[in-house]
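Residue numbers (our numbering): 174 to 511.
No residue lacks a Cβ here, since even glycine has one placed at the ideal position from N, Cα and C.
Just below is one structure, and these are the notes that go with it.
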Amino acid sequence: MAVLVTGGAGYIGSHTSIELLESGKDIVIIDNFYNSCPKVLDRIEKLAGKGFAFEECDIRDRAALDKVFEKYDIDSVIHFAGLKAVGESCQKPLLYYENNISGTVTLCEAMAAHGCKKIVFSSSATVYGEHNVSPLKETMIAGGTTNPYGTTKFFIEQILQDLAKSDPEWSVCILRYFNPIGAHISGMIGESPNGIPNNLMPYITQVAEGKREFLSVYGNDYDTIDGTGVRDYIHVVDLAKGHLKALDKILDENGVFVYNLGTGRGYSVLEVVAAFEKASGVKVPYKIVDRRPGDLATCYSDPTKAKEELNWVAEKGIDEMCADSYRWQHQNPNGYED
Ligand code: NAD
Ligand code: UFG
């Protein structure tokens with residue numbers, strides 16, 4: 174029996190694939206390389222010391238999905254495939270709704286048709302919207318998302334819950350990620366954004382590598398420790414390990430399970446810059462600029478439920494996250510283009 178990993182060539186999918194292979198699982202990765210590069214596949218195999226199946230496939234293509242389910246013996250799916258740029262989603266909402274929502278519906282239809290009804294879904298802290306106050310708990314009412322990307326995550330959560338309600342054979346685990354950063358300790362795989370990074374850590378590493386002049390810090394007048402935004406950064410390898418626990422849960426039990434994957438600790442932008450400088454030994458020049466529209470002051474998790482029910486806790490701290498992010502960038506200044 175194999176686990177189907179959609180979007181397995183991407184940042185979180187590639188790290189999770191390594192953990193799955195190292196734990197002895199057989200996997201089938203599918204990806205359309207919209208935001209990733211085939212090179213990562215060799216690196217996954219090298220780092221895990223184990224081969225796996227790969228099919229270039231778009232999750233919106235039902236016929237291609239059917240072929241994958243016919244070719245392999247798949248009993249569960251970890252579903253990473255999706256578009257994730259908040260700004261782009263405001264400019265191209267239909268692309269996001271079509272890719273993320275239609276893609277997930279098509280995937281679930283193909284799964285059901287082949288008797289595979291177990292899915293772990295990549296959701297986001299963004300579904301907590303603006304009205305909830307950190308620490309964010311799974312019992313809080315989700316919704317009130319502020320951009321089409323976030324809304325796709327909220328809608329997909331609803332769709333998966335309705336599906337599980339309609340058919341008790343389904344088992345769904347919704348994982349709400351906080352802010353994944355870091356990279357595999359080898360420095361061979363990591364986050365490789367196209368163009369100007371939207372997110373804090375890839376921007377910092379590109380400044381450290383001399384590819385960008387300075388970091389723009391989006392506002393220092395929030396009600397936080399130093400006025401800059403506070404987030405719950407989590408090492409991508411810890412996040413990857415959370416997926417193995419989630420998979421065990423749904424293989425064991427039917428139903429819908431929702432978990433935060435975060436550390437429970439927030440760091441401000443300036444605290445991250447300081448931790449990065451300490452870990453890398455490289456100075457990161459920055460300028461304070463206006464707030465970025467749509468940003469919240471503070472967002473961090475209450476990770477208790479994942480600890481109690483999945484026996485999962487994030488183990489890596491901010492120093493390790495920064496050191497690993499820097500190693501990846503320094504060894505691959507142009508990401509997978511090198
Ligand atoms: P990523 O872009 O690196 O990986 C996503 C992968 O999915 C890419 O390889 C892309 O080519 C593939 N893909 C996209 N659309 C596809 C389609 N229609 N068919 C097949 N493949 C497709 O992103 P990531 O950071 O690894 O994120 C993985 C998942 O986690 C996404 O669903 C994302 O929304 C979610 N998530 C990410 C973050 C984050 O900060 N990185 C936070 C919360 C949630
Ligand atoms: N920031 C800067 N300068 C930058 C980039 C970011 O100061 O160049 C600040 C932001 O204002 C924020 C913090 O750094 O205070 C983190 O910003 P990110 O863009 O890295 O992350 P966000 O918390 O805004 O959003 C990310 C993903 C979302 C996801 C959310 C929760 O981009 O898709 O985490 O998982 F929903």
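For residue i, the three-state DSSP class (helix, strand or coil)
| i | result |
| --- | --- |
| Pro353 | strand |
| Ser295 | strand |
| Glu488 | coil |
| Lys460 | strand |
| Thr312 | coil |
| His252 | strand |
| Ile398 | coil |
| Ser263 | According to the sequence shown, residue 263 is Cys rather than Ser. The answer is helix: DSSP assigns Cys263 an H, G or I state. |
| Ile423 | helix |
| His408 | strand |
| Asp390 | It should be noted that the sequence gives Val, not Asp, for residue 390. Looking at Val390 - three-state DSSP - the assignment turns out to be strand. |
| Ala258 | coil |
| Gly428 | strand |
| Ser441 | strand |
| Phe227 | strand |
| Val403 | strand |
| Thr436 | coil |
| Ala447 | helix |
Environment of residue i [buried if 16+ CB atoms lie within 10 Å]
| i | result |
| --- | --- |
| Thr325 | buried |
| Pro211 | exposed |
| Ala286 | exposed |
| Glu364 | buried |
| Val306 | exposed |
| Leu238 | buried |
| Asp396 | exposed |
Beta-carbon proximity of residue i to residue j, cut-off 8 Å
| i | j | result |
| --- | --- | --- |
| Ser275 | Arg233 | yes |
| Arg349 | Ala298 | yes |
| Trp501 | Ala356 | yes |
| Cys472 | Asp405 | yes |
| Lys290 | Glu330 | no |
| Glu382 | Pro266 | no |
| Val457 | Ile377 | yes |
| Glu389 | Val462 | For the sequence presented, residue 389 should be read as Ser rather than Glu. Cβ atoms of Ser389 and Val462: closer than 8 Å. |
| Val403 | Ala487 | no |
| Leu434 | Ile407 | yes |
| Asp399 | Ala452 | no |
| Phe387 | Lys460 | yes |
| Gly428 | Trp485 | no |
| Ser441 | Thr401 | yes |
Same chain, Cβ closer than 6 Å to residue i, neighbours up to 5 away in sequence not counted
| i | result |
| --- | --- |
| Ser187 | Val213, Ile217, Ile362 |
| Met581 | A query on residue 581 cannot be resolved here, the shown segment of the chain reaching from 174 to 511 and no further. |
| Asp199 | Ala175 |
| Asn205 | Asp231 |
| Ser262 | Tyr269, Asn320, Pro321, Tyr322 |
| Pro375 | Glu364, Pro366 |
| Asn393 | Gly400, Thr401, Ile461 |
Own chain residues within Cβ distance below 8 Å of residue i, not counting five before or after
| i | result |
| --- | --- |
| Cys281 | Ile292, Ile332, Leu333, Leu336 |
| Leu220 | Ile191, His357, Ser359, Met361, Ile362 |
| Phe142 | Since the first and last residues shown for the chain are 174 and 511, residue 142 lies out of range. |
| Val300 | Ala315, Gly316, Thr318, Gly323, Lys326, Phe327, Glu330, Arg349 |
Own chain residues within Cβ distance below 7 Å of residue i, not counting five before or after
| i | result |
| --- | --- |
| Ser209 | Ala182, Gly183 |
| Ser196 | Leu417 |
| Met494 | Ile354, Gly355, Tyr406, His408 |
| Gly260 | Asn371 |
task: Say whether the region 302–320 touches the region 249–258, bearing in mind that this needs 3 or more beta-carbon pairs closer than 8 Å, one atom from each stretch.
output: Taking 8 Å as the limit for Cβ pairs, the verdict is that the region 249–258 does not touch the region 302–320.
message: Does the contact criterion of 3 or more C-beta pairs under 8 Å hold for the region 368–378 versus the region 314–323?
response: The region 368–378 makes no contact with the region 314–323, as fewer than three CB pairs between them are under 8 Å.
Segment contact, 8 Å Cβ cut-off, at least three pairs: the region 492–510 with the region 466–483: Segment contact: the region 492–510 against the region 466–483, fewer than three CB-CB distances shorter than 8 Å; contact not assigned.
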